[in-house]
């Protein structure tokens, strides 16, 4: 299946936006490390998995892309000490986790020290919200926390509508509802995120049921 190639297509309108985000991270934020909750990796129903590997190869877990996507290299080192720290934070919050050794999937390619954490094999938004709460203190140590995923991930509709200039209505309404939930006051945010996950357009946005956008409180 043909997928968007914004990483290599300088003419794509998203290309300069991503460039600016990258410059802000590398030149302004300058994180000591990055913790990524990956929308491409599910753990167990009640246990999240944490990549504790120090040397991480890339996992080319996609298909239908041009050859250069499979030739990409991102020299990267994991951070076992940070991985174990995350496990301790989760344990203190009553969250089960398990350390594993694996490569980096395509949602986590980066030149920074990266520790990848799975989602639950569950669609429960509250469980994923609590993951973000449990590790949020890492931000005070210069560590960036990212929930890697997309607000809309409907490949069938992407293929059907790729030649159309206007987005499908549900993509706009759900993205807006999600933005409002994320920007809500902290005391309201968890409830607002759970409400967003129950919207009819949420199932349209994520027909396979991946909770990839609901994992972080941060």
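Numbering (the numbering used here), first residue to last: 2 to 219. By construction, the Cβ of each residue, glycine as well, lies at the ideal position given by its N, Cα and C atoms.
Assigned secondary structure, residue i (DSSP; H/G/I helix, E/B strand, else coil)
i	result
residue 77	coil
residue 47	coil
residue 63	coil
residue 98	strand
residue 38	strand
residue 54	coil
residue 166	coil
residue 68	helix
residue 14	coil
residue 160	helix
residue 7	coil
residue 31	coil
Neighbour-count burial assignment, residue i, 16 or more Cβ in a 10 Å radius
i	result
residue 98	buried
residue 71	exposed
residue 198	buried
residue 77	buried
residue 2	Note that residue 2 has pLDDT 36, beneath the 50 cutoff, so the model's placement of it is unreliable and the number below is only indicative. Flag for residue 2 reads exposed.
residue 10	exposed
residue 35	buried
residue 173	exposed
Cα-Cα separation between residue i and residue j, rounded to whole angstroms
i	j	result
residue 94	residue 13	42 Å
residue 15	residue 69	19 Å
residue 38	residue 104	14 Å
residue 45	residue 100	12 Å
residue 59	residue 74	7 Å
residue 134	residue 144	14 Å
residue 184	residue 177	11 Å
residue 148	residue 205	20 Å
message = Would you call the stretch 187-204 in contact with the stretch 120-134, where contact means no fewer than 3 C-beta pairs closer than 8 Å?
response = Look at the beta carbons and you see the stretch 187-204 touching the stretch 120-134: at least three pairs across the two are nearer than 8 Å.
query = Can you list the alpha helix (DSSP H) stretches of 4 or more residues lying completely in the stretch 168-218, in chain order?
reply = Secondary structure within the stretch 168-218: the alpha helix (DSSP H) runs of 4 or more consecutive residues, fully enclosed, are 170-183, 187-198 and 201-206 (chain order).
request  = Decide if the stretch 83-90 is in contact with the stretch 148-161; the criterion is three or more beta carbon pairs, one per stretch, under 8 Å apart.
outcome  = Contact fails: fewer than three Cβ-Cβ distances are below 8 Å.
request  = Could you tell me whether the stretch 75-83 touches the stretch 48-57, using the rule of 3 or more Cβ pairs below 8 Å?
outcome  = Touching, per the Cβ criterion.
inquiry  = Which runs of the beta strand (DSSP E) at least 3 residues long sit entirely within the stretch 85-155? Give them in chain order.
reply    = Taken in chain order, the complete beta strand (DSSP E) segments of 3 residues or longer contained in the stretch 85-155 are 97-101, 115-120 and 144-149.
inquiry  = If contact is defined by three or more beta carbon pairs under 8 Å, each pair taking one atom from either stretch, is the stretch 147-159 in contact with the stretch 172-187?
reply    = Touching, per the Cβ criterion.
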